[in-house]
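**Student:** Be aware that the sequence shown starts at 1, since it is given in the numbering used here, and climbs by one per residue. Here a beta-carbon is modelled for each residue, glycine too, at the ideal position from N, C-alpha and C. These numbers come from a predicted model, not from an experiment. To start, I am sharing the structure in question, which I have written as structure tokens.
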Amino acid sequence: MKVRKAVIPAAGLGTRFLPATKAMPKEMLPIIDRPTIEFIVKEAIDSGIEDILIVTGKGKQPIENHFDSNPELEANLKEKGKSHLLKLVQETTNINLFFIRQPHPNGLGDAVLRARDFIDNEPFVVMLGDDLMRDKVPLTKQLIDRYDKTHASTLAVMRVPHAKTKDYGIIEPISELDHGLYDVKSFVEKPAPKDAPSELAIIGRYLLTPEIFDLLETQKPGKDHEIQLTDAIDRLNATQRVFAHEFTGERFDVGNKFGYLKTAIQFGLENPEIKDDLTKYLKEVGERLEPKPQQKK
Ligand code: UTP
């Protein structure tokens, strides 16, 4: 069966960005001028996804508003001849987007479970807004290409420095079946480097078969008393094959403050409007932090 649907869970509390996220969804924090969720939606569309379900919760209306048309604003831009801005504003309005609520932020697994009726027994992709991915072929499309051959659930993983395994879910691979495709024995949540079974960390894209829903229904709360998606995938792995696909492109982790700032700088350095000023500014900052040694007269 063709993979046509994606789920973007966006109902979390975004505590790492408080107080900014008290009244503003974390998914709407912009990288320069684009909310992070727009990058995710674009990756889905560029991967051939037809229907996208965004799981929202309390205070997340700005996400829905962002993807609505705004006739007043559009008329104003048209009148003033700002056709470039008009095009940007209209880009986000013609997408097959659906929304559903997660009443309580009970965890990522619980958010994905809200998508059960929408998915309706098809394979689907879960895309987390914390990770922006860049590669010649979008990562979601890479996962779909794998699925077309294996018909199995496949998680995106990426090699991380050994010392960083403690920050991720790490897979224990059995073997590399094809270039960058692994058979998974188990998942270990945030292992200390000495206990890590590999350096392959789960990142924010999952292609899942619909059998995951029965497991999510019965999944007991795990870490942080939340229904964890990886716990249910671990159980899925006991009944059907689960693979891991190694991503070798660029990953921008915008879910924490430093990663968010680094991403903004990187995208700024690539933005024609500001790259020259930003480069000059960063040089000045560098010199201020590390003044050149004074020459002796
Ligand atoms: P995170 O744990 O990274 O997001 O969940 P968070 O909880 O919003 O942020 P912090 O950790 O408090 O700063 C990964 C994704 O899963 C969604 C989040 O919105 C985020 O995009 N999520 C998480 C839900 O939709 N529901 C939940 O109950 C938990």
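(1) Could you check the C-alpha separation between Y168 and E189 for me, to the nearest Å?
(2) Just to confirm before moving on: does the CB-CB distance between A10 and I52 stay below 7 Å?
(3) State the beta-bridge partners of E79 as determined by DSSP.
(4) Shorter than 6 Å, the distance from the beta carbon of V55 to the closest heavy atom of the ligand UTP, or not?
(5) In the DSSP output, what is Y206 paired with across the bridge?
(6) Less than 6 Å between C-beta atoms, sequence neighbours within five positions excluded: which residues of the same chain meet that for R16?
(7) Of the choices D117, F267, E199, whose alpha-carbon is the least far from that of I100?
(8) Within 10 Å of its beta-carbon, does S47 have 16 or more other beta-carbons around it, so buried, or fewer, so exposed?
(9) Can the beta-carbon of I37 be found closer than 7 Å to that of G107?
(10) Are L229 and V112 touching if we call contact CB-CB under 7 Å?
(11) In chain order, what residues of the same chain lie with their CB nearer than 8 Å to the CB of V184, ignoring the 5 residues before and after it?
(12) First and last residue of the alpha helix (DSSP H) that includes I119?
(13) I need the boundaries of the beta strand (DSSP E) containing V184, first residue and last residue.
(14) Quick one: residues in its chain with C-beta nearer than 6 Å to the C-beta of R146, no 5 flanking neighbours on either side, listed in chain order?
(15) When you get a sec, list the residues whose CB is within less than 6 Å of any heavy atom of the ligand UTP, chain order please.
(16) Suppose you measure from the CA of Y206 to the CA of I212; what does that come to, to the nearest Å?
(17) What first and last residue would you give for the alpha helix (DSSP H) that runs through D167?
(18) Which same chain residues end up closer than 7 Å to Q219 when comparing Cβ atoms and leaving out the 5 residues on each side of it in sequence?
(19) For E176, write down the residues that DSSP places opposite it in a beta bridge.
(20) Note down the Cα distance separating P71 from V89, rounded to an integer number of angstroms.
(21) CA-CA distance, A163 and G81?
(22) Could you tell me how far apart the beta carbons of H66 and P35 are, in whole angstroms, since I believe they sit closer than 8 Å?
**Tutor:** Taking the coordinates as given:
(1) Straight-line Cα distance between these residues: approximately 7 Å.
(2) No, Cβ-Cβ distance for A10 and I52 is not below 7 Å.
(3) DSSP, once it has assigned bridges, lists no residue as partnering E79.
(4) Inclusion of V55 in the 6 Å shell around the ligand UTP follows from its C-beta lying nearer than that to a non-hydrogen atom of the ligand.
(5) Per DSSP, the beta bridge partners of Y206 are V126, L155.
(6) Around R16: N256.
(7) Of D117, F267, E199, the residue nearest in Cα terms is D117.
(8) The residue is buried, with at least 16 neighbouring Cβ atoms inside 10 Å.
(9) Cβ atoms of I37 and G107: not closer than 7 Å.
(10) Cβ distance < 7 Å, so L229 and V112 count as in contact.
(11) Here V184 has L155, I171, E172, P173, I174, N237, V242, F243, A244 as same chain residues with Cβ atoms under 8 Å from its own Cβ, once five neighbours each way along the sequence are excluded.
(12) DSSP places I119 inside the alpha helix (DSSP H), whose first and last residues are 116-119.
(13) Note, V184: beta strand (DSSP E), 181-189.
(14) So the qualifying residues of the chain are T154, H245.
(15) Near the ligand UTP, residues with a Cβ at less than 6 Å from any of the ligand's heavy atoms are P9, A10, A11, G12, L13, G14, T15, R16, K26, V55, Q102, P105, N106, G107, L108, D110, A111, L128, G129, D130, G255; the list follows chain order.
(16) Going from the Cα of Y206 to the Cα of I212 covers about 11 Å.
(17) Careful: D167 lies outside any alpha helix (DSSP H) and carries neither H nor E.
(18) Excluding sequence neighbours, Q219 sits near G109, I227, D231, A232.
(19) Beta-bridge pairing links E176 to Y182.
(20) Rounded to whole angstroms, P71 to V89 spans 10 Å at the Cα level.
(21) The alpha-carbon separation between A163 and G81 amounts to approximately 53 Å.
(22) Right, their Cβ atoms sit about 6 Å apart.
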